[in-house]
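A.B. asks:
Numbering (the UniProt record's numbering), first residue to last: 1 to 190.
1. Report all residues from its chain with a CB closer than 6 Å to the CB of residue 149; omit the five preceding and five following residues, and keep chain order.
2. Roughly how many whole angstroms lie between the Cα atoms of residue 88 and residue 139?
3. Quick one: any contact between the region 74-92 and the region 5-24, if contact means 3 or more CB pairs under 8 Å?
4. Since I believe residue 109 is in contact with residue 95 (beta carbons under 8 Å), could you give me their beta-carbon distance rounded to a whole number of angstroms?
5. Give a yes or no on contact between the region 58-73 and the region 127-138, applying the rule of three or more CB pairs nearer than 8 Å.
6. Quick one: residues in its chain with C-beta nearer than 7 Å to the C-beta of residue 104, no 5 flanking neighbours on either side, listed in chain order?
7. For residue 77, which three-state DSSP category applies?
8. Measuring only the C-alpha atoms, how far is residue 48 from residue 79?
9. Which residue from 120, 84, 82 puts its Cα closest to that of residue 100?
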């Protein structure tokens with residue numbers, strides 16, 4: 001019974017690893033073709049914190065996950081990630097919502113900053129609202145995205161899982177072969 005459970009758990013882990021490998025590979029290819037691409041999983045976008053502007057809530061090296069949201073649903077106090085240029089993202093807290101020329105604009109400020117940000121943020125710039133963060137997870141994510149990390153944390157475990165599955169299949173084939181041989185000898189003895 002425990003062998004069946006272990007095999008079932010192993011298969012689930014194998015499937016999850018294959019999904020992670022495929023999605024990471026896809027994201028890496030898409031990112032190489034478009035450096036401004038932000039990977040998204042069911043509307044959630046993982047990103048790494050690079051500066052201390054949101055201390056103590058977010059530290060450099062943390063991973064944040066921003067959820068895509070209708071910008072009209074953003075409230076004062078929400079932490080949003082937005083584009084300030086094609087290749088630069090900022091994650092700051094909304095301190096005021098301004099309606100200007102029938103458009104919604106957000107005034108933002110980093111929690112550790114003494115002054116508000118100099119430019120208003122338009123709804124078109126918003127990438128998402130902070131859903132949750134993983135302390136120091138950004139370091140891990142950056143390592144996984146590196147070639148060494150991808151090999152060490154994704155491909156190597158996948159390789160060992162596949163080897164384990166092949167060994168299991170070979171032992172099952174050997175057991176079947178031995179059983180057939182045994183049955184054959186039992187029939188000869190009669």
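Glycine included, every Cβ here is placed at the ideal spot set by N, Cα and C. All of these numbers come straight from a predicted model, not from anything done at the bench.
C.D. replies: Reading from the atomic positions:
1. Here residue 149 refers to the residue found at position 149 when the chain shown is read from its first residue. Closer than 6 Å at Cβ, skipping near neighbours: 143.
2. By one-based count along the chain shown, residue 88 stands at place 88. By one-based count along the chain shown, residue 139 stands at place 139. Answer to the nearest angstrom: the Cα atoms are 18 Å apart.
3. The region 74-92 makes no contact with the region 5-24: fewer than 3 CB pairs, one atom from each, lie closer than 8 Å.
4. By 1-based counting over the chain shown, the position of residue 95 is 95. By 1-based counting over the chain shown, the position of residue 109 is 109. At roughly 5 Å, the Cβ-Cβ gap stays under 8 Å, so residue 95 and residue 109 are in contact.
5. Contact between the region 58-73 and the region 127-138 is present: 3 or more CB-CB pairs across the two stretches fall below 8 Å.
6. For the purposes of this step, residue 104 is taken as residue 104 along the chain shown, with counting starting at 1. Around residue 104: 71, 72, 97, 123.
7. Stepping through the chain shown from its first residue, residue 77 is reached at position 77. In this structure, DSSP gives residue 77 a state outside helix and strand, which the three-state scheme calls coil.
8. In the chain shown, the residue the question calls residue 48 occupies position 48. In the chain shown, the residue the question calls residue 79 occupies position 79. C-alpha separation (whole angstroms): 15 Å.
9. Taking the chain shown and counting its residues from 1, one reaches residue 100 at position 100. Residue nearest to residue 100 within the set 120, 84, 82 is 120 (criterion: CA-CA distance).
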